[in-house]
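Here the structure is laid out as structure tokens; the discussion comes afterwards.
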């Protein structure tokens, strides 16, 4: 019998598969395809301090091996989530990972306090957001800023704090180390890569916001490389994500160093992808005599 139970930040997950924030809404949208109970964890849609309507349409564009999105964090706000949505999610047999985004350190701290008062198991902090007090440069691109932000938010967070890393940086290991030094309990990576698609007839960008985040199979090799690098740079556990389309992809991320792996864009192609993924992982474990899935974490053999 294969055992997919795995510990992450002191929390026991029944399997290592979670959903990537922003790809699964607040869970109910996929109810007719697959139950949240199938997942080890559920990454809720990104939350902001106040409700947001998001960006103008078009907000999604297909690419040859993935999608560009510029949804703009459309959400009802953290307080509505805490009062009305989280109690419904708590009814499922899965751990909820609440994701938050802010434009100031104060906003992040306030959200951490609110979410700490809910049944969410983990709070994931998206640091790809613009820091409005420092010229709009993303929080996650500067190690000193990441250190300051993580240190302050940790003071207001009673749940495990996982920092979600942006790949749009010069050195992701420097950012990872800064988050760890600031008190992060774990890291998740990668967020989307910045991209653009142009309509050659109008010579204008397809997306109303001009650029968007690229996700899907095209980013997976970049994500796997970054997970491997960060795994060897820090001691805190990782959640890997980026273009996961199969059980083999999950195993690849775990060998690179991830303890949990998120499905995202793949679920737009196959909403019940989790079922095939779990089956493929079990078959792999049987084939190689892996008794517990944690045995393969960080077992990459370099040439």
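Numbering (the working numbering), first residue to last: 157 to 459.
For glycine and all other residues, C-beta sits at the position ideal for the given N, C-alpha and C.
No experiment lies behind these values; they were computed from the predicted model shown.
Problem set entry | Residue span of the alpha helix (DSSP H) that contains residue 403, given as start and end | Along the chain shown, one-based indexing puts residue 403 at 247. Per DSSP, residue 403 belongs to the alpha helix (DSSP H) from 403-412.
Problem set entry | Cβ neighbours of residue 301 in the same chain (closer than 6 Å, five flanking residues each side left out) | As a working mapping, residue 301 is identified with position 145 in the chain shown. 295.
Exercise. Apart from the five residues just before and just after residue 269, which ones in its own chain have a Cβ nearer than 7 Å to its Cβ?
Worked result: Taking the chain shown and counting its residues from 1, the one referred to as residue 269 is at position 113. If the five residues before and after residue 269 are omitted, its C-beta is found closer than 7 Å to the C-beta atoms of 312, all from its own chain and listed in chain order.
Exercise. Thinking C-beta only, is residue 323 closer than 8 Å to residue 380?
Worked result: By 1-based counting over the chain shown, the position of residue 380 is 224. By 1-based counting over the chain shown, the position of residue 323 is 167. With respect to the 8 Å criterion, residue 380 and residue 323 are not classified as neighbours on the basis of their beta carbons.
Problem set entry | Supposed close pair residue 169, residue 416 - CB separation, criterion 8 Å | Numbered from its first residue, the chain shown carries residue 169 at position 13. Numbered from its first residue, the chain shown carries residue 416 at position 260. Confirmed, Cβ separation roughly 7 Å.
Problem set entry | Where the alpha helix (DSSP H) through residue 444 begins and ends | Indexing the chain shown from 1 puts residue 444 at position 288. For residue 444, the enclosing alpha helix (DSSP H) stretches over residues 429-444.
Problem set entry | For residue 344 and residue 299, the rounded distance between their alpha carbons | The residue given as residue 299 occupies position 143 in the chain shown. The residue given as residue 344 occupies position 188 in the chain shown. Going from the Cα of residue 299 to the Cα of residue 344 covers about 16 Å.
Exercise. If you drop the 5 nearest sequence neighbours on each side, which residues of the same chain put their C-beta closer than 6 Å to that of residue 257?
Worked result: Stepping through the chain shown from its first residue, residue 257 is reached at position 101. Cβ neighbours of residue 257 beyond the five flanking positions: 202, 204, 229, 282, 285.
Exercise. Under 8 Å between the Cβ atoms of residue 331 and residue 321?
Worked result: Residue 331 sits at position 175 when you count from the first residue of the chain shown. Residue 321 sits at position 165 when you count from the first residue of the chain shown. Contact annotation: residue 331 and residue 321 have beta-carbon atoms nearer than 8 Å.
Exercise. Residue 189 to residue 342, Cα distance in whole Å?
Worked result: Position 33 of the chain shown, counted from the first residue, corresponds to residue 189. Position 186 of the chain shown, counted from the first residue, corresponds to residue 342. Answer to the nearest angstrom: the Cα atoms are 30 Å apart.
Problem set entry | Start-to-end residues for the alpha helix (DSSP H) that takes in residue 175 | The sequence position of residue 175 within the chain shown is 19, counting from 1. It is not in any alpha helix (DSSP H) - residue 175 instead sits in the beta strand (DSSP E) that spans 173-175.
For this session: Could you give the DSSP three-state label for residue 305: helix, strand or coil?
Result: Mapped onto the chain shown, residue 305 falls at position 149. Of the three classes helix, strand and coil, the one that applies to residue 305 here is helix, per DSSP.
For this session: Identify whether residue 133 lies in helix, strand or coil by the three-state DSSP scheme.
Result: Because the chain in this structure spans residues 157 to 459, residue 133 falls outside the shown range and cannot be described.
Exercise. Over what stretch of residues does the beta strand (DSSP E) that includes residue 251 continue unbroken?
Worked result: Locating residue 251 in the chain shown gives position 95, counting from the first residue. Looking at the DSSP string, the run of the beta strand (DSSP E) that includes residue 251 is 251-257.
Exercise. Is it the case that the Cβ atoms of residue 226 and residue 363 are separated by a distance below 8 Å?
Worked result: Within the chain shown, residue 226 is the residue found at index 70, counting from 1. Within the chain shown, residue 363 is the residue found at index 207, counting from 1. Result yes, Cβ atoms of residue 226 and residue 363 sit closer than 8 Å.
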